[in-house]
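With the numbering used here applied, the sequence shown covers 334 to 592.
We put the beta carbon where it would ideally sit given N, CA and C, even for glycine.
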Amino acid sequence: MPATRRAPRPAAPDPAAFAVAEAGLAALAGLAPSDVLRRRLERAAPLAGAIDSPPDLASPGWAALLDAVTVQETRLFRAAPQLLALTALLPALPGGPLRLLSAGCASGEEAWSLAILAAAQGIEAEVLGLDLCRPALALAEAARYPAGPPDALREVPGAFLPWFTRDAGWVLPRADGLTRPVFRRTNLLDLPEETGRFGAILCRNVLIYLLPAARDAVLRGLVARLLPGGALLLGPTDMPGPGLPLRAEPGTHAIWRRL
Numbered sequence: 334m335p336a337t338r339r340a341p342r343p344a345a346p347d348p349a350a351f352a353v354a355e356a357g358l359a360a361l362a363g364l365a366p367s368d369v370l371r372r373r374l375e376r377a378a379p380l381a382g383a384i385d386s387p388p389d390l391a392s393p394g395w396a397a398l399l400d401a402v403t404v405q406e407t408r409l410f411r412a413a414p415q416l417l418a419l420t421a422l423l424p425a426l427p428g429g430p431l432r433l434l435s436a437g438c439a440s441g442e443e444a445w446s447l448a449i450l451a452a453a454q455g456i457e458a459e460v461l462g463l464d465l466c467r468p469a470l471a472l473a474e475a476a477r478y479p480a481g482p483p484d485a486l487r488e489v490p491g492a493f494l495p496w497f498t499r500d501a502g503w504v505l506p507r508a509d510g511l512t513r514p515v516f517r518r519t520n521l522l523d524l525p526e527e528t529g530r531f532g533a534i535l536c537r538n539v540l541i542y543l544l545p546a547a548r549d550a551v552l553r554g555l556v557a558r559l560l561p562g563g564a565l566l567l568g569p570t571d572m573p574g575p576g577l578p579l580r581a582e583p584g585t586h587a588i589w590r591r592l
């Protein structure tokens, strides 16, 4: 019986290239050193070794490295209980029309979930999704998610299932009655002024990958984009730092309101 040939392991970057890549990613996007980042850098060794310019989001080399190492874990109606708590707040949120932000939107499932939450209540809403990863943003624009297994709809509450259709092994948000989210490549560390202000901002499971100073900077930038009375939704392990004009929303988990 012939021996099974194993695929060669990707070559790890040399220590100098590794250090340059880690430092550049920290400067560009606030990414903290971690086992997750290290494994992704090892898989992207050719990219990390080819960086030949100072850290710059517009640099093709750095952009490709960011595409390769950023975590893109998301699902339709992920953490549904928190989204349902937001649903109850939607009619009272500030803004006309209501604007909702998915900060670190990855492949767009969260932004599409927000659009459906608003549409299901007959609320006119603009949804914006921001991320640095170009392939993820392309998936968000396409809005075609694998039917599984696992099923892309596995976390969607039954009341919202009619807002999706299936087509040849894909799950798609319904086109009728739904305002498409807008997706942009944007650095959360440096939100442009034209991003505007929002009635609700979601930044869930993003801050855990950032350095402490970057987490603080991102939170302060997002809170500055919240209208008074607006809602900030964070991940289960995230906490706003002291001094931010926020109060916890009673009866909810990880939802704060802008004072």
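For Asp-464, the enclosing beta strand (DSSP E) stretches over residues 458-464. Runs of the beta strand (DSSP E) spanning 3 or more residues and lying entirely within the stretch 389-439 occur at 431-436, in chain order. Annotation: the continuous alpha helix (DSSP H) that includes Gly-357 extends over 348-362.
Leu-559 places its beta carbon 8 Å or farther from that of Arg-517. Between Leu-374 and Leu-543, the alpha-carbon positions lie close to 16 Å from each other.
In this structure, the straight-line span from the alpha carbon of Pro-482 to that of Leu-463 is close to 27 Å. Counting along the chain, Asp-549 sits inside no beta strand (DSSP E); it lies in the alpha helix (DSSP H) bounded by residues 545-557. Taking one beta carbon from each stretch, the stretch 404-422 and the stretch 582-589 have 3 or more pairs nearer than 8 Å; the two touch. Here the stretch 556-576 makes no contact with the stretch 394-408; the two share fewer than three CB pairs at distances below 8 Å. In this structure, DSSP gives Ala-377 a state outside helix and strand, which the three-state scheme calls coil.
DSSP places Ala-452 inside the alpha helix (DSSP H), whose first and last residues are 442-453. Taking each of Ala-444, Pro-427 and Val-551 in turn and checking the Cα distance to Gly-532, the smallest one comes out for Pro-427. Between Pro-379 and Pro-366, the alpha-carbon positions lie close to 19 Å from each other. Listed as beta-bridge partners of Pro-479 by DSSP are Trp-503. Contact fails between the stretch 444-460 and the stretch 570-582, because fewer than three Cβ pairs, one in each stretch, are under 8 Å apart.
At a Cβ-Cβ threshold of 8 Å, Thr-403 and Leu-470 do not count as neighbours.
Excluding five sequence positions before and after Asp-385, the CB atoms of its chain that fall closer than 8 Å to its own CB belong to Gly-394, given in chain order.
Here the alpha carbon of Val-551 sits roughly 6 Å from the alpha carbon of Leu-521.
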